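Numbering (our numbering), first residue to last: 23 to 289.
A virtual CB, placed ideally from N, CA and C, is assigned to each residue, including glycine.
Model, not experiment: these values are computed from the prediction.
Before any comments, here is the structure.
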């Protein structure tokens, strides 16, 4: 059975500003690395390698719309693999205009790139609270295609939920989908701290106005406090919290070392 432990999501900016804090996380974590819009492929690969040097497993975001064609995506995936920077990946459509023929994660699945990339597991985003630009029917159809693809090529898949004001909403939705019964791991996105400007930018980009209200209610504090952890140190099988740093990597890791043990006294 998949041993699913808590995970962390960072950007290259997080890593450059406070990346050394990863050394204080207890054990080995899956650290999802988001691709920033103005990054070169080489810079993105270096971000993933930086995570590896701190003793954790990088899981790169591969954003379909940033690639002109499947061949360019294949080149990135091959480079990540050759450098030992990717055994798993999160496949996203992206909130940008398409650079070429790839418009969403289904286009990536249909391209055949993932089968040739040597990945041991592929993660996809799911939307327990719906998507502002995609109908429920289209979301359901896309998920069915991903399941069929996984079964046909024998590459396991997992899901990462959209950020929700109340992570328990996502937990309950995942239960209703029966992911655990299907052997599908579910990572429940949440945050412990966020810089207001980072949370505001994400809310506007992804169409999540609830977080704009959260920022307004923070009263100008330097950090917005998240809802806290939904799971303890031993979450149910095939489900784990997925902590998004949101510009507050140092504070987030300080809290995680309190929750899960480790070198929190050095922060």
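- By the neighbour-count definition (other C-beta atoms within 10 Å, threshold 16), residue 159 is an exposed residue.
- Leaving aside the five residues that flank residue 135 on each side, the residues in its chain whose CB is nearer than 7 Å to its CB run, in chain order, 92, 95, 96 and 99.
- A Cβ-Cβ distance of about 15 Å is found for the pair residue 215 and residue 187, leaving them out of contact under the 8 Å criterion.
- Taking 3 residues as the minimum length, the beta strand (DSSP E) runs contained wholly in the region 153-220 are 179-183 and 207-212, in order along the chain.
- Residue state for residue 92 is assigned as helix, using DSSP reduced to three classes.
- Residue range 271-282 is occupied by the alpha helix (DSSP H) that includes residue 273, with no beta strand (DSSP E) assigned at that position.
- Looking from the CA of residue 80, the closest CA among 87, 114, 88 and 44 belongs to 44.
- The C-alpha of residue 192 is placed about 8 Å away from the C-alpha of residue 151.
- Excluding five sequence positions before and after residue 139, the CB atoms of its chain that fall closer than 6 Å to its own CB belong to 99, given in chain order.
- Residue 54 has 31 and 81 as its beta-bridge partners, per DSSP.
- With respect to the C-alpha of residue 172, the residue from 31, 57, 145 and 90 having the closest C-alpha is 145.
- The three-state reading of DSSP puts residue 246 in strand, counting E and B together.
- By the 16-neighbour rule on beta-carbons within 10 angstroms, residue 207 is buried.
- Setting aside the 5 residues that flank it on each side, residue 67 is surrounded in the same chain by 101, 102, 105 and 107, each with a C-beta closer than 7 Å to its C-beta; the list follows chain order.
- In this structure, DSSP gives residue 261 an extended state, which the three-state scheme calls strand.
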